[in-house]
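Some notes on the structure that comes next.
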Amino acid sequence: MRQVLPARLQVLPFQLFLKTSQSCAPLAAPRKVVPWAESRLRALQLALPARFKVAALLGAGGGMRQGEILAFSPDDVDRDAMVINIGRQLRLINRTLVYSLPKRDKERQVPISAGVLEALDTYQETYPAIPVTLPWDEPNGAPVTANLLMVRDDGNAQSGDLFNKVVWVPAFKQAGLTYTKRQDGMHAMRHFYASTLLTQGVSIKELAEYLGHQDPGFTLRTYTHLMPSSHQRARKAVDGVFKPRKTPSTQTA
């Protein structure tokens, strides 16, 4: 005698196929990051108002996020260790600017080059840091004071949206560059920074730490197509053991 299952337990063949097909569907490939050419970065840096040119320096030279750039203080630089201690960002909560920890509460250290440090010192000769007091983490949070570089002309801090509207986007027009929101936000400078470091052989693990990523796998998936080929390094490594008697130019096929 054929047993009939309750309706809630019955699965029709086409339903089984549908579920199986859906479960096996491939995940969408991540969008490939296309880093700026250095010429684009330089053109934009020239077009930025003098007070805010340091934004390009911190973004492309330190891999900092927009909120971290707007909350940057020269006091965050450890000159002995030659690192930037990134432990603060600016956020807008209920129309109130606050300081808070960086994204996902992840503080980090980023190496600072001698060239970037020198440029920061030169910048401060004209635009010294200004003390700005804001609540910590929430509008009613405890007041915290930091000496900021990226302030408005009136000495107050500014939100990312305001900076984009008044400074960042107009700079593209000033430079004669087309602005595309997805590709040309301030985050593009982090991509430029990542591309620069990968080109010079910095590891994915180190890059993830500098960018503040919790998962190096995310960093790898985002930037793997920018990693230089290791073929030539592999050849040199093996040639160090099995030294060729002929130079590549004299070897025959």
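Throughout the sequence shown, residue numbering follows UniProt numbering, covering 1 to 253 in sequence.
C-beta atoms are modelled at their ideal positions from N, C-alpha and C, and glycine is treated no differently.
| Asked | Found |
| --- | --- |
| Considering Cα atoms alone, identify which of 46, 65, 70 is closest to residue 158. | 70 |
| Which residues in the same chain as residue 242 place their Cβ atom closer than 8 Å to its Cβ, once the five residues preceding and following it in sequence are excluded? | none |
| Measure the C-alpha to C-alpha separation of residue 58 and residue 115 and round it to an integer number of angstroms. | 12 Å |
| Counting only runs that start and end within the stretch 54–103, where is the beta strand (DSSP E) found for 3 or more residues in a row? | 83–86, 89–93, 96–100 |
| Run through DSSP, which three-state label would residue 107 get? | coil |
| Residue 137: which of 223, 99, 199 sits nearest, CA to CA? | 99 |
| Kindly indicate the opening and closing residues of the alpha helix (DSSP H) around residue 204. | 204–211 |
| Could you tell me the boundaries of the alpha helix (DSSP H) in which residue 151 lies? | Here residue 151 belongs to no alpha helix (DSSP H), and DSSP marks it neither H nor E. |
| What would DSSP say about residue 170, mapped onto helix, strand or coil? | helix |
| Label residue 225 either buried or exposed according to how many other C-beta atoms from any shown protein chain fall within 10 Å of its C-beta, with 16 as the threshold for buried. | exposed |
| Does residue 122 come out as helix, strand or coil in the three-state DSSP assignment? | helix |
| What's the gap between the Cα of residue 171 and the Cα of residue 54? | 14 Å |
| Given residue 175, which residues of its chain have a CB within under 6 Å of its CB, disregarding the five upstream and five downstream residues? | 43, 44, 47 |
| Between the stretch 76–96 and the stretch 188–200, do at least 3 Cβ pairs fall closer than 8 Å? | no |
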